[in-house]
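Novice:
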Amino acid sequence: MCSACPCQAAHGRDLRREHPRLRKPAKPHADKAYDRLARRRWVCDRGVKVHIARKGVEAGDKLGGHRWVIERTIAWHTGYRRLALRYERKAEYFLALGADLICHKKLRKLTL
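Residue numbers (full-length UniProt numbering): 1 to 112.
1. Would you kindly report the start and end of the unbroken alpha helix (DSSP H) that includes aspartate 100?
2. Assuming valine 43 is part of the alpha helix (DSSP H), what are its boundary residues?
3. With DSSP as the reference, identify every bridge partner of histidine 29, one or two as the case may be.
4. Can you give me the Cβ contacts of residue 171 inside the same chain, cut-off strictly under 8 angstroms, excluding the 5 residues immediately before and after it?
5. Would a C-beta distance cut-off of 8 angstroms place lysine 24 and glycine 56 closer than the cut-off?
6. Just to confirm, are aspartate 35 and arginine 54 a CB contact at a threshold of 8 angstroms?
Structure representation (structure tokens):
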């Protein structure tokens, strides 16, 4: 038995935005790896004011302060480790570690 529904699923293009989409970033910061004349021209041609650290010049401005916030946040998300989801080779080891941590936490609550 088939039944038809006149309503349609809401797709991304059917939804309205609350705010208009930004056409260009406000003020991006980049490190020395992006310090190339071609990249600077490309960004400038699009009317974006960008802060790119220069190679061979010590950071006298506050560009490093912005980078520190970003790098610190990424480090928090990765647990101060290299980029990896888990270090265990087998799923059983990963699940056993999780179970051990849960039991350890519950035991600690009972004994305190």
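Even for Gly, the Cβ is constructed at its ideal location relative to N, Cα and C.
Specialist: Reading it off the structure:
1. In the sequence shown, residue 100 corresponds to position 100, counting from 1. If you look at aspartate 100, you'll find it in the alpha helix (DSSP H) that goes 91–111.
2. Position 43 of the sequence shown, counted from the first residue, corresponds to residue 43. Valine 43 -> alpha helix (DSSP H) spans 37–45.
3. As a working mapping, residue 29 is identified with position 29 in the sequence shown. In the DSSP output, where bridge partners are listed per residue, histidine 29 has His51.
4. There is simply no residue 171 to check, as the chain begins at 1 and stops at 112 in what is shown.
5. Working through the sequence shown from its first residue, we reach residue 24 at position 24. Working through the sequence shown from its first residue, we reach residue 56 at position 56. In this structure, glycine 56 does not lie closer than 8 angstroms to lysine 24 by Cβ.
6. Against the sequence shown, residue 35 aligns to sequence position 35. Against the sequence shown, residue 54 aligns to sequence position 54. Contact: yes.
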